[in-house]
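Inspection log for the structure reproduced underneath, given as structure tokens.
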Amino acid sequence: MRLSRYFLPILRETPKEAEVVSHRLMLRAGMLRQEAAGIYAFLPLGFRVLQKICRIVREEQDRSGAIELLMPTIQSADLWRESGRYDAYGKEMLRITDRHDREMLYGPTNEEMITEIFRAYVKSYKDLPLNLYHIQWKFRDEVRPRFGLMRGREFLMKDAYSFDVDQAGARHSYNKMFVAYLRTFARMGLKSIPMRAESGPIGGNLSHEFIILASTGESEVFCHKDYLDMPVPPADVDFDDVAGLQRIVDQWTSRYAATADMHDVAAFNDIPPDQRVSARGIEVGHIFYFGTKYSAPMKATVATPDGREVPVHSGSYGIGPSRLVAAIIEASHDESGIIWPEPVAPFKVMILNLKRGDAATDGACERLYRDLSAQGVETLYDDRDERPGAKFATADLIGIPWQVLVGPRGLAEGKVEVKHRASGRREPMSVEAALALLAR
RNA sequence: CGGGGCGUAGCGCAGCCCGGUAGCGCAUCUGCUUUGGGAGCAGAGGGUCGCAGGUUCGAAUCCUGCCGCCCCGACCA
Numbered sequence: 001m002r003l004s005r006y007f008l009p010i011l012r013e014t015p016k017e018a019e020v021v022s023h024r025l026m027l028r029a030g031m032l033r034q035e036a037a038g039i040y041a042f043l044p045l046g047f048r049v050l051q052k053i054c055r056i057v058r059e060e061q062d063r064s065g066a067i068e069l070l071m072p073t074i075q076s077a078d079l080w081r082e083s084g085r086y087d088a089y090g091k092e093m094l095r096i097t098d099r100h101d102r103e104m105l106y107g108p109t110n111e112e113m114i115t116e117i118f119r120a121y122v123k124s125y126k127d128l129p130l131n132l133y134h135i136q137w138k139f140r141d142e143v144r145p146r147f148g149l150m151r152g153r154e155f156l157m158k159d160a161y162s163f164d165v166d167q168a169g170a171r172h173s174y175n176k177m178f179v180a181y182l183r184t185f186a187r188m189g190l191k192s193i194p195m196r197a198e199s200g201p202i203g204g205n206l207s208h209e210f211i212i213l214a215s216t217g218e219s220e221v222f223c224h225k226d227y228l229d230m231p232v233p234p235a236d237v238d239f240d241d242v243a244g245l246q247r248i249v250d251q252w253t254s255r256y257a258a259t260a261d262m263h264d265v266a267a268f269n270d271i272p273p274d275q276r277v278s279a280r281g282i283e284v285g286h287i288f289y290f291g292t293k294y295s296a297p298m299k300a301t302v303a304t305p306d307g308r309e310v311p312v313h314s315g316s317y318g319i320g321p322s323r324l325v326a327a328i329i330e331a332s333h334d335e336s337g338i339i340w341p342e343p344v345a346p347f348k349v350m351i352l353n354l355k356r357g358d359a360a361t362d363g364a365c366e367r368l369y370r371d372l373s374a375q376g377v378e379t380l381y382d383d384r385d386e387r388p389g390a391k392f393a394t395a396d397l398i399g400i401p402w403q404v405l406v407g408p409r410g411l412a413e414g415k416v417e418v419k420h421r422a423s424g425r426r427e428p429m430s431v432e433a434a435l436a437l438l439a440r
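Counting from 1, one number per residue, gives the positions in the first sequence under my numbering.
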């Protein structure tokens, strides 16, 4: 992409409404535009990151055996009356009336709807286990939206729903998601720590929050140091291996880890002082087992092998991709701007033409741009008529992992400079060497 | 929902107390000079001063109501 033809509205100054770093940087980097309190438009650069995140989420959901579908944002109030949540869910639910005075709502979550879909088709234990997920916009009318994307009212959510004939099966489904989540966040360059969680208004008794550590995190968290380098399950982990998955989950729940509201000071103090981690964190995922909470009232039943009809055992599993965009920035930035982990970066490489109009410089840039693009490397070419300083500042701000600085000074020696955003390391090399390095 | 604050050009702000018809920096446009860490000079365009009412000869400024946004707290799959 040529920057001169792209839509990247960089802000030199920070809009005053933005206080948290991710919000500030997203606005300045031209990723995001606020349209109302807690409601945002993703501009092209932000949208690319969101899509990268969604792709990783999808790949790991699919790998675990979950199946993607897409449910609507608008739901019928009647559906929610079946579970009893229409009255229970307070003002956070955005209620809408259509032209025929039918009561509708903008979904804050989809347990009722997925249960309705399930019960319409699935009647036998032979069709289980089943895990259906979608990635869809949700709306929760928070009293006080804040922190930009971190706590918006409209947000993108991946929510998966598992169905099993009994609790043991549900436990395995839960473990699949647990392992998929460990992999998902690790692939985004994040250290996530599963923490035992309150199950909240959803109910149930088996629940973990996945927290990533960031100094600017929203809440205080406490955990054992061992979590910082526990091995993440490999890509070829066998999701059908019940005992194997249980071992992974057991390992990842073997140490102390809790958010402030679940914190057990005595248990934490049993950890040797040098092994204690007290930090700030951001919740990026939450998984629940809630048994028959919805299947029983909504009559989602299946036949067992011995011919009985039983309500299915379910769990739900959320990840917030839009929140993750912000969370990743909270966890990965410096004074100059964002530092994207490569797997979620909007572009992998940014070429900085330091002297547009200089034949050698233009030529080297064009060659780099064409060859990298031809090899499928996502490349942003800063071909604007700007001074070098402005280009450096822009590149650092938007945080593309690799910058190639091309100017007459280096080219006189036959070199361009490759800068690694995360480490700040710069290395002069030939155009060929840069291509070889970056096309890997 | 309680407390605090803000709304003046795309962004950041001054002007408001003490009423006289709007200004600064950045950004934008034009020209010239410049070109390895957010350039310089000269010129230009851009504003129903959040909205509505009121007071006044006259309101960005004073009064009333409303709307929007932010921060702290409570709240929070």
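Note that CB positions come from ideal geometry on N, CA and C, so glycine has one too.
Please give me, in chain order, every unbroken run of the beta strand (DSSP E) with length at least 3 that falls completely inside the region 183-271. With a minimum length of 3 residues, the continuous beta strand (DSSP E) runs that stay inside the region 183-271 are 192-196, 206-213, 219-224 and 257-259.
Please confirm whether LYS415 and SER430 have their CB atoms less than 8 angstroms apart. By 1-based counting over the first sequence, the position of residue 415 is 415. By 1-based counting over the first sequence, the position of residue 430 is 430. Going by C-beta atoms, LYS415 is nearer than 8 angstroms to SER430.
In terms of residues, what are the limits of the beta strand (DSSP E) holding ASP383? For the purposes of this step, residue 383 is taken as the residue at position 383 of the first sequence. Neither: ASP383 is in no beta strand (DSSP E) and is coded neither H nor E.
Whole-angstrom distance between SER295 and ASP229, CA atom to CA atom: As a working note, residue 229 is residue 229 in the first sequence. As a working note, residue 295 is residue 295 in the first sequence. When rounded, the distance between both Cα atoms is 39 angstroms.
Taking only runs that begin and end inside the region 18-42, name each unbroken beta strand (DSSP E) of 3 or more residues, in chain order. Counting whole runs of 3 or more residues, the region 18-42 contains the beta strand (DSSP E) stretches 32-36 and 39-42.
So for ASN484, helix, strand or coil by DSSP? The chain is shown only over 1 to 440; residue 484 falls outside these bounds and no answer can be derived.
Could you pull out every residue in the same chain whose Cβ sits closer than 6 angstroms to the Cβ of LEU324, ignoring the five residues on either side in sequence? Taking the first residue of the first sequence as position 1, residue 324 is located at position 324. Closer than 6 angstroms at Cβ, skipping near neighbours: ILE53 and VAL284.
What three-state label does DSSP hand ASN175 in the structure shown? Translated into positions along the first sequence, residue 175 becomes position 175. When DSSP states are grouped into helix, strand and coil, ASN175 belongs to the helix group.
Please work out which residues of its chain come closer than 7 angstroms, Cβ to Cβ, to TYR369, disregarding the five sequence neighbours upstream and downstream, and give them in chain order. Against the first sequence, residue 369 aligns to sequence position 369. ILE351, THR379 and TYR381, listed in sequence order.
Leaving out five residues before and five after ARG403 in sequence, what residues of the same chain have Cβ atoms less than 7 angstroms from its Cβ? The residue labelled residue 403 in the question sits at position 403 within the first sequence. The question names Arg, yet the displayed sequence has Gln at residue 403. Only MET350, LEU352, ALA395, LYS419 and ARG421 meet the Cβ criterion.
Give the DSSP-derived three-state secondary structure of GLU366 in the structure shown. Translated into the one-based positions of the first sequence, residue 366 becomes position 366. GLU366 falls in the helix class under three-state DSSP.
Using only the alpha-carbon positions, how far apart do LYS16 and LEU27 sit? On the first sequence, position 16 is the one that residue 16 refers to. On the first sequence, position 27 is the one that residue 27 refers to. The alpha-carbon atoms of LYS16 and LEU27 are separated by roughly 11 angstroms.
Do the region 86-96 and the region 261-270 meet, that is, are 3 or more Cβ pairs less than 8 angstroms apart? Here the region 86-96 does not lie against the region 261-270, with fewer than 3 beta-carbon pairs under 8 angstroms apart.
For the region 263-283 against the region 214-229, are there 3 or more C-beta pairs whose distance is under 8 angstroms? Yes, the region 263-283 touches the region 214-229.
N- and C-terminal bounds of the alpha helix (DSSP H) containing PRO408: Counting from one through the first sequence, the residue named residue 408 turns up at place 408. Element bounds for PRO408: 408-411.
Please report how far the alpha carbon of ARG471 lies from the alpha carbon of GLU112, in whole angstroms. There is simply no residue 471 to check, as the chain begins at 1 and stops at 440 in what is shown.
Alpha-carbon spacing of ASP98 relative to PRO72, whole angstroms: By one-based count along the first sequence, residue 98 stands at place 98. By one-based count along the first sequence, residue 72 stands at place 72. If you draw a straight line from the Cα of ASP98 to the Cα of PRO72, it comes to about 15 angstroms.
State the beta-bridge partners of TRP137 as determined by DSSP. Position 137 of the first sequence, counted from the start, is the residue given in the question as residue 137. Note: TRP137 sits in a beta bridge opposite LEU156.
With contact counted as at least three CB pairs below 8 angstroms, one residue from each stretch, are the region 236-249 and the region 302-316 in contact? Taking 8 angstroms as the limit for Cβ pairs, the verdict is that the region 302-316 does not touch the region 236-249.
Sequence ranges, beta strand (DSSP E) only - wholly within the region 60-115, length at least 3: Whole beta strand (DSSP E) segments, 3+ residues: 74-76, 94-97 and 103-106.
Rounded to whole angstroms, what's the CA-CA distance from VAL165 to LEU128? Just pull it up for me. On the first sequence, position 165 is the one that residue 165 refers to. On the first sequence, position 128 is the one that residue 128 refers to. For VAL165 and LEU128, the distance between alpha carbons rounds to 7 angstroms.
If distances are taken between C-alpha atoms only, which option among GLY337, VAL249 and ALA197 comes closest to GLU209? Walking along the first sequence from the start, residue 209 turns up at place 209. Taking only the C-alpha atoms, the option nearest GLU209 is ALA197.
In terms of residue numbering, what span does the alpha helix (DSSP H) encompassing ALA433 cover? As a position in the first sequence, residue 433 is number 433, starting the count at 1. Element bounds for ALA433: 431-438.
Rounded separation between ALA46 and LYS126 - CA only: Locating residue 46 in the first sequence gives position 46, where the first residue counts as 1. Locating residue 126 in the first sequence gives position 126, where the first residue counts as 1. A small fix is needed here, since residue 46 is Gly in this sequence, not Ala. Distance between the alpha carbons of GLY46 and LYS126 is about 43 angstroms.
Quick check: the region 242-261 against the region 174-188, are there 3 or more CB pairs under 8 angstroms? Under the three-pair Cβ rule at 8 angstroms, the region 242-261 counts as touching the region 174-188.
Are ASP159 and ASN110 closer than 8 angstroms when you measure CB to CB? In the first sequence, counting from the first residue as 1, residue 159 sits at position 159. In the first sequence, counting from the first residue as 1, residue 110 sits at position 110. Yes. Within cutoff.
What's the call for ASN269, buried or exposed, on a 16-neighbour Cβ count within 10 Å? Your numbering for residue 269 matches position 269 in the first sequence. Classification for ASN269: exposed.
Give the secondary structure of LEU352 by DSSP, where H, G and I count as helix, E and B as strand, and everything else as coil. Here residue 352 corresponds to residue number 352 of the first sequence, with the count starting at 1. In the three-state scheme derived from DSSP, where H, G and I count as helix and E and B as strand, LEU352 is classed as strand.
For LYS299, which residues from the same chain have a beta carbon less than 6 angstroms from its beta carbon, with the 5 sequence-adjacent residues on both sides left out? Locating residue 299 in the first sequence gives position 299, where the first residue counts as 1. Once the five neighbours on either side are set aside, LYS299 has no close Cβ partner at all.
Whole-angstrom distance between TYR161 and LEU69, CA atom to CA atom: The residue you call residue 69 lines up with position 69 of the first sequence. The residue you call residue 161 lines up with position 161 of the first sequence. The C-alpha of TYR161 is placed about 11 angstroms away from the C-alpha of LEU69.
Contact set for ALA267: own chain, Cβ-Cβ below 6 angstroms, skip 5 residues either direction: One-based indexing of the first sequence puts residue 267 at position 267. Taken in chain order, the residues that qualify are TYR256.
Neighbourhood of ALA433 by C-beta, 7 angstroms cutoff - its chain only, sequence neighbours within 5 removed: As a first step, residue 433 is located in the first sequence; it is residue number 433 there, counting from the start. Same-chain partners within the cutoff: there are none.
Do LEU156 and LEU32 have their C-beta atoms closer together than 8 angstroms? Your numbering for residue 156 matches position 156 in the first sequence. Your numbering for residue 32 matches position 32 in the first sequence. LEU156 is not a Cβ neighbour of LEU32, given a cutoff of 8 angstroms.
What is the DSSP secondary structure of PHE290, reduced to helix, strand or coil? Along the first sequence, one-based indexing puts residue 290 at 290. Three-state DSSP puts PHE290 in a strand.
From which residue to which residue does the alpha helix (DSSP H) around GLY329 run? Here residue 329 refers to the residue found at position 329 of the first sequence. The sequence given here places Ile at residue 329; Gly does not occur at that position. Per DSSP, ILE329 belongs to the alpha helix (DSSP H) from 321-331.
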